[in-house]
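Reviewing the structure listed below.
2 protein chains.
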Amino acid sequence: MLGELKALLGPRVLSGPEKRVYRYDAILVGPEPLAVVLPESREEVQALVRLARRFGLPLVPRGAGSGLSGGAVPEEGALVVAFTRMTRLELDPQGRTAWAEPGVTTARISEEARPFGLFYPPDPASWRTSTLGGNLGENAGGPLCFKYGVTGDYVLELEFVDAFGEVHRLGRQAYDLPGLLIGSEGTLGLITGVRVRLLPLPRYRATLMAAFPEVGALAAAVSQAIAEGAVPARLEFLDPTCVGAVEDYLGMGLPRGDALLLAETDGDDLEVVQEELSLVEETAASFGARVQKARDEKEAEALWRARRAVSPALGRIRPKRVNEDIAVPRSALPQVVREIQALGKAYGLIVAQFGHIGDGNLHPNILFDPGREPEEKVWELAHEIARVALRHGGVLSGEHGIGLMKKAFLAEAMDPDTLEALWAVKGALDPGGVFNPGKLLP
Amino acid sequence: MLGELKALLGPRVLSGPEKRVYRYDAILVGPEPLAVVLPESREEVQALVRLARRFGLPLVPRGAGSGLSGGAVPEEGALVVAFTRMTRLELDPQGRTAWAEPGVTTARISEEARPFGLFYPPDPASWRTSTLGGNLGENAGGPLCFKYGVTGDYVLELEFVDAFGEVHRLGRQAYDLPGLLIGSEGTLGLITGVRVRLLPLPRYRATLMAAFPEVGALAAAVSQAIAEGAVPARLEFLDPTCVGAVEDYLGMGLPRGDALLLAETDGDDLEVVQEELSLVEETAASFGARVQKARDEKEAEALWRARRAVSPALGRIRPKRVNEDIAVPRSALPQVVREIQALGKAYGLIVAQFGHIGDGNLHPNILFDPGREPEEKVWELAHEIARVALRHGGVLSGEHGIGLMKKAFLAEAMDPDTLEALWAVKGALDPGGVFNPGKLLP
Numbered sequence: 028m029l030g031e032l033k034a035l036l037g038p039r040v041l042s043g044p045e046k047r048v049y050r051y052d053a054i055l056v057g058p059e060p061l062a063v064v065l066p067e068s069r070e071e072v073q074a075l076v077r078l079a080r081r082f083g084l085p086l087v088p089r090g091a092g093s094g095l096s097g098g099a100v101p102e103e104g105a106l107v108v109a110f111t112r113m114t115r116l117e118l119d120p121q122g123r124t125a126w127a128e129p130g131v132t133t134a135r136i137s138e139e140a141r142p143f144g145l146f147y148p149p150d151p152a153s154w155r156t157s158t159l160g161g162n163l164g165e166n167a168g169g170p171l172c173f174k175y176g177v178t179g180d181y182v183l184e185l186e187f188v189d190a191f192g193e194v195h196r197l198g199r200q201a202y203d204l205p206g207l208l209i210g211s212e213g214t215l216g217l218i219t220g221v222r223v224r225l226l227p228l229p230r231y232r233a234t235l236m237a238a239f240p241e242v243g244a245l246a247a248a249v250s251q252a253i254a255e256g257a258v259p260a261r262l263e264f265l266d267p268t269c270v271g272a273v274e275d276y277l278g279m280g281l282p283r284g285d286a287l288l289l290a291e292t293d294g295d296d297l298e299v300v301q302e303e304l305s306l307v308e309e310t311a312a313s314f315g316a317r318v319q320k321a322r323d324e325k326e327a328e329a330l331w332r333a334r335r336a337v338s339p340a341l342g343r344i345r346p347k348r349v350n351e352d353i354a355v356p357r358s359a360l361p362q363v364v365r366e367i368q369a370l371g372k373a374y375g376l377i378v379a380q381f382g383h384i385g386d387g388n389l390h391p392n393i394l395f396d397p398g399r400e401p402e403e404k405v406w407e408l409a410h411e412i413a414r415v416a417l418r419h420g421g422v423l424s425g426e427h428g429i430g431l432m433k434k435a436f437l438a439e440a441m442d443p444d445t446l447e448a449l450w451a452v453k454g455a456l457d458p459g460g461v462f463n464p465g466k467l468l469p
Numbered sequence: 028m029l030g031e032l033k034a035l036l037g038p039r040v041l042s043g044p045e046k047r048v049y050r051y052d053a054i055l056v057g058p059e060p061l062a063v064v065l066p067e068s069r070e071e072v073q074a075l076v077r078l079a080r081r082f083g084l085p086l087v088p089r090g091a092g093s094g095l096s097g098g099a100v101p102e103e104g105a106l107v108v109a110f111t112r113m114t115r116l117e118l119d120p121q122g123r124t125a126w127a128e129p130g131v132t133t134a135r136i137s138e139e140a141r142p143f144g145l146f147y148p149p150d151p152a153s154w155r156t157s158t159l160g161g162n163l164g165e166n167a168g169g170p171l172c173f174k175y176g177v178t179g180d181y182v183l184e185l186e187f188v189d190a191f192g193e194v195h196r197l198g199r200q201a202y203d204l205p206g207l208l209i210g211s212e213g214t215l216g217l218i219t220g221v222r223v224r225l226l227p228l229p230r231y232r233a234t235l236m237a238a239f240p241e242v243g244a245l246a247a248a249v250s251q252a253i254a255e256g257a258v259p260a261r262l263e264f265l266d267p268t269c270v271g272a273v274e275d276y277l278g279m280g281l282p283r284g285d286a287l288l289l290a291e292t293d294g295d296d297l298e299v300v301q302e303e304l305s306l307v308e309e310t311a312a313s314f315g316a317r318v319q320k321a322r323d324e325k326e327a328e329a330l331w332r333a334r335r336a337v338s339p340a341l342g343r344i345r346p347k348r349v350n351e352d353i354a355v356p357r358s359a360l361p362q363v364v365r366e367i368q369a370l371g372k373a374y375g376l377i378v379a380q381f382g383h384i385g386d387g388n389l390h391p392n393i394l395f396d397p398g399r400e401p402e403e404k405v406w407e408l409a410h411e412i413a414r415v416a417l418r419h420g421g422v423l424s425g426e427h428g429i430g431l432m433k434k435a436f437l438a439e440a441m442d443p444d445t446l447e448a449l450w451a452v453k454g455a456l457d458p459g460g461v462f463n464p465g466k467l468l469p
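Quick look at the structure:
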């Protein structure tokens with residue numbers, strides 16, 4: 028089999044020690060794959076699927092490996108299909124679209140679109156390295172998604188290779204197969220291309236930072252500001268643990284002990300942009316926050332640097348972490364953040380909360396040292412946090428996907444009949460079970 | 028069987044002559060159904076599906092019957108499930124959502140949301156009578172969809188009864204089953220409820236009408252204005268045939284012989300709203316149009332009345348019509364509208380073109396009198412018009428769905444493998460073929 032694979036893809040088959048690097052994503056580690064292949068065209072992907080089908084080999088698609096749910100982590104004996112060499116990108120500024128292969132990095136689309144006054148809104152934190160294929164697999168979000176929506180909202184057409192090695196290129200009509208593949212974590216087909224929608228760049232932006240004495244008050248202010256009509260482009264928060272960690276890391280003078288809200292409004296009219304920001308400012312102040320407005324782009328950039336530094340900063344507190352990704356109704360936010368804080372205390376584990384609070388999308392991170400804190404306890408707490416979300420009418424994944432990490436939680440969140448319906452869809456599109464087995468569906 | 032049905036739903040089973048009314052939608056007529064049932068709850072829908080399954084009876088879901096592709100037209104011996112009695116609507120203004128049963132009329136959501144400063148954007152022409160269930164089945168659009176997106180873009184959660192009579196209530200995570208059901212024309216399950224997203228009402232609107240000497244120039248102006256960054260809320264057009272028909276009907280002083288463009292911009296800042304309209308105005312003028320701006324809401328309303336009158340006005344020219352619903356890339360618009368005009372002339376049939384030109388979504392209507400013009404020729408021309416769309420990289424349905432009317436065209440638009448994949452999905456979710464057989468999939 029390896030012989031045939033090498034005849035097909037030559038040096039782009041990795042079967043030596045270098046394949047060990049492909050066991051990881053950004054949160055989990057799996058066994059070593061049988062081999063890693065780096066296709067360069069849809070035709071190579073087709074040949075690969077036919078070969079895998081013939082030998083009964085599982086295929087695990089992979090982008091940059093920056094995922095946070097284990098979706099790209101291989102199982103024993105799998106073939107990892109790394110799409111990082113499929114990087115063709117064609118802009119159509121007149122039609123405001125771009126055609127991209129799955130290995131194109133997320134940030135590159137906006138970079139190449141900027142000279143035409145356009146941008147591609149979905150902006151996962153890893154957007155400088157993450158690929159469009161991975162973003163599609165997990166239906167990735169990001170801070171801008173509060174105003175602009177997630178990856179799937181920008182897909183006009185999708186090209187994929189099915190379980191029989193056939194290529195399909197489909198718009199979103201009749202049965203929405205593109206929509207079905209988006210977020211399916213590579214379990215239904217291999218995406219080989221996508222046409223995405225681009226938007227005109229807004230002319231103005233304005234940013235503020237509001238420091239709250241307590242994290243529940245912050246959540247209540249967010250809930251109220253939005254109910255009153257604010258539609259910020261970004262609305263992010265850091266709890267006191269995150270603020271302390273970032274301050275230790277960057278020393279930029281953040282108020283230790285406070286919870287921070289960062290808000291950005293954007294648009295084509297400066298007055299409206301500032302008016303919207305004032306609505307957030309006044310609401311925050313009425314909940315006891317001290318508010319600092321950025322006076323220019325540079326000050327705004329400094330404030331956003333604090334938000335982007337959260338992940339590396341938390342890595343300095345404990346060597347490992349479990350990154351939750353729940354989403355709850357905004358009206359439930361104050362209670363949810365408080366309950367999660369209390370759970371962390373009860374378990375004696377450090378829980379740091381941050382995330383896209385405008386969407387009700389929280390990332391409670393459990394920080395731990397496997398030498399000091401037993402991993403089972405960590406996973407038990409993660410499970411409890413998931414239950415808090417479900418109890419308040421929320422969902423298990425805002426934007427990271429289910430992957431390996433939340434499969435067990437999904438079994439709790441869905442009734443058996445619904446799960447059966449999902450398995451029926453899987454069986455119809457991937458009857459041989461070739462695509463990313465063991466992921467997503469419990 | 029009818030006995031059991033009547034035991035189940037009593038007087039809400041129609042098996043007398045009144046069932047004849049349920050043979051129609053707004054474009055096609057089918058055979059008389061076996062019976063019509065009017066369920067009032069999800070439990071009744073469940074019982075109905077189980078009964079239909081036991082007796083092998085096809086179920087044809089139906090809303091207001093205002094559809095334009097035959098999706099709700101029964102086949103011989105079918106049971107029509109009319110959802111017009113399931114009209115519960117619950118607003119959550121704080122969360123900016125509404126929960127609606129399928130029989131709720133489209134316009135009612137915006138009407139009830141208005142006191143809270145909110146609205147529901149999808150606005151098919153029939154929105155005063157059309158139901159949410161029908162809108163979901165066909166993934167309906169409308170003029171506002173250029174800026175705001177179609178029905179599916181507003182769905183947060185969907186409740187449906189599957190082929191085994193089980194109820195599922197799902198958000199849009201893991202496999203996007205709600206997305207799969209939206210636009211599936213009742214062929215995969217029966218929708219019994221939906222949670223939709225509401226938006227804040229824009230504070231200002233501005234409207235203009237531009238009269239072009241030729242329809243291709245109008246299309247070219249639209250393509251250019253959008254490429255330059257205009258994002259109007261509505262962008263509609265009427266070709267000279269439509270203008271003449273509306274003028275005959277309403278006598279409002281429209282310029283006969285011209286093609287008309289109607290544009291509306293909206294937003295929270297009057298200056299930006301007017302600036303965006305000026306961009307459309309200048310581009311239109313540069314393509315030789317005479318532009319008239321509405322000075323107030325009343326003038327704007329009068330201009331939009333012309334657009335809404337197109338359908339009844341065309342009905343006065345010939346007793347029957349075939350309403351096409353193609354969508355093409357905006358850059359192809361000038362050539363597409365000219366080619367369709369030429370095709371109409373070559374066939375010696377009246378073709379009136381109008382539609383949501385901002386989206387590239389055109390409704391070429393072939394007007395005919397079955398006594399004077401042979402119907403086969405009409406359908407041949409409809410097929411040719413569909414081919415024009417496909418040749419220019421377009422699709423067969425912008426917003427009306429495939430239904431019965433475009434099944435044959437869909438066979439041409441899709442490769443056999445893709446069609447097989449769609450049938451596999453149908454087989455997985457509706458193994459007995461109970462739901463709306465004979466629709467959508469060729």
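Line by line, the protein sequences give chains A and B.
As numbered in the numbering used here, residues 28 to 469 make up the first sequence, in order.
As numbered in the numbering used here, residues 28 to 469 make up the second sequence, in order.
Think of the CB as a built atom: it goes at the ideal place given N, C-alpha and C, for glycine as much as any other residue.
Where residue i meets chain A, residues with beta-carbon distance less than 7 Å
i	result
B:R357	G122
B:A144	Looking at the sequence provided, one finds Gly at residue 144 of chain B rather than Ala. Under the 7 Å cutoff, chain A gives G256.
Terminal residues of the beta strand (DSSP E) in which residue i lies
i	result
A:N388	N388 to F395
A:W126	T124 to A127
A:D119	L116 to D119
B:V177	Per DSSP, B:V177 belongs to no beta strand (DSSP E) and is neither H nor E.
B:R224	L217 to R224
A:P88	L86 to R89
A:G198	V194 to G198
A:F187	V182 to V188
Contacts of residue i in chain B (Cβ-Cβ under 7 Å)
i	result
A:V273	Under the 7 Å cutoff, chain B gives no residues; its nearest Cβ is about 30 Å from A:V273.
A:L202	As written in the sequence, residue 202 of chain A is Tyr, which differs from the Leu given in the question. Those are L207, S211, L449 and V452, listed as they occur along chain B.
A:G516	Outside the shown range of chain A, which is 28 to 469, sits residue 516 of chain A, and nothing can be said about it.
Chain-ordered chain B contacts of residue i [CB-CB under 8 Å]
i	result
A:V258	P227
A:D189	D444 and A448
6 Å Cβ shell around residue i - same chain, five flanking residues per side excluded
i	result
B:K434	P469
B:T310	A248, Q251 and A252
B:M441	none
Within chain B, partners of residue i - CB distance below 9 Å
i	result
A:E117	Those do not exist, as A:E117 stays about 14 Å from chain B at its closest Cβ, beyond 9 Å.
A:D352	Going along chain B, no residue has its Cβ under 9 Å from A:D352, so there is no contact; the nearest lies around 11 Å.
Own chain residues within Cβ distance below 7 Å of residue i, not counting five before or after
i	result
B:A409	V349, E351 and I393
B:L360	A246, V249, S250, I384 and G387
Cross-chain neighbours of residue i in chain A, by beta carbon under 9 Å
i	result
B:E193	D442, D444, T445, E447 and A448
B:I429	Q200 and A201
Contact list for residue i against chain A, beta-carbon separation under 8 Å
i	result
B:L183	By Cβ distance, chain A contributes nothing, its closest Cβ being about 10 Å from B:L183, past 8 Å.
Neighbourhood of residue i by C-beta, 8 Å cutoff - its chain only, sequence neighbours within 5 removed
i	result
A:S211	G164 and L467
Residue i at chain D interface by Cβ criterion, 8 Å
i	result
A:I367	Among the protein chains in the structure shown, which are A and B, there is no chain D.
Element boundaries [alpha helix (DSSP H), containing residue i]
i	result
A:R81	R69 to F82
What residues in the segment 215-237 of chain A bring their beta carbon closer than 7 Å to a beta carbon of chain B? Within the segment 215-237 of chain A, the residues whose Cβ lies closer than 7 Å to some Cβ of chain B are P227, listed in chain order.
Residues of the segment 444-456 of chain A with Cβ closer than 7 Å to any Cβ of chain B, in chain order: Contacts with chain B (Cβ-Cβ distance below 7 Å) from the segment 444-456 of chain A involve D444, T445, A448, L449, A451, V452, G454, A455 and L456, listed in chain order.
With 7 Å as the limit, tell me which residues of the segment 267-299 of chain A have their beta carbon closer than that to any beta carbon of chain B; keep them in chain order. Cβ contacts with chain B: D295, D296, E298 and V299.
Starting from the N-terminal side, write out each stretch of the beta strand (DSSP E) that is 3 residues or longer and does not extend beyond the segment 245-318 of chain A. Complete beta strand (DSSP E) runs here, min 3: 261-265 and 286-294.
Near-chain A residues of the segment 407-423 of chain B (beta-carbon distance less than 8 Å), N- to C-terminal order: Listed by position, the residues of the segment 407-423 of chain B near chain A (Cβ gap below 8 Å) are V422 and L423.
Residues of the segment 241-257 of chain B whose Cβ lies closer than 7 Å to any Cβ of chain A, in chain order: Residues of the segment 241-257 of chain B whose Cβ lies closer than 7 Å to any Cβ of chain A, in chain order: A254 and G256.
For the segment 87-103 of chain B, which residues have a beta carbon sitting closer than 7 Å to at least one beta carbon of chain A? Answer set for the segment 87-103 of chain B: empty.
Output the residue ranges of the beta strand (DSSP E) runs that lie fully inside the segment 319-388 of chain B and measure 3 residues or longer, sorted by chain position. For the segment 319-388 of chain B, whole beta strand (DSSP E) runs of length 3 or above, ordered along the chain, are 347-350 and 377-383.
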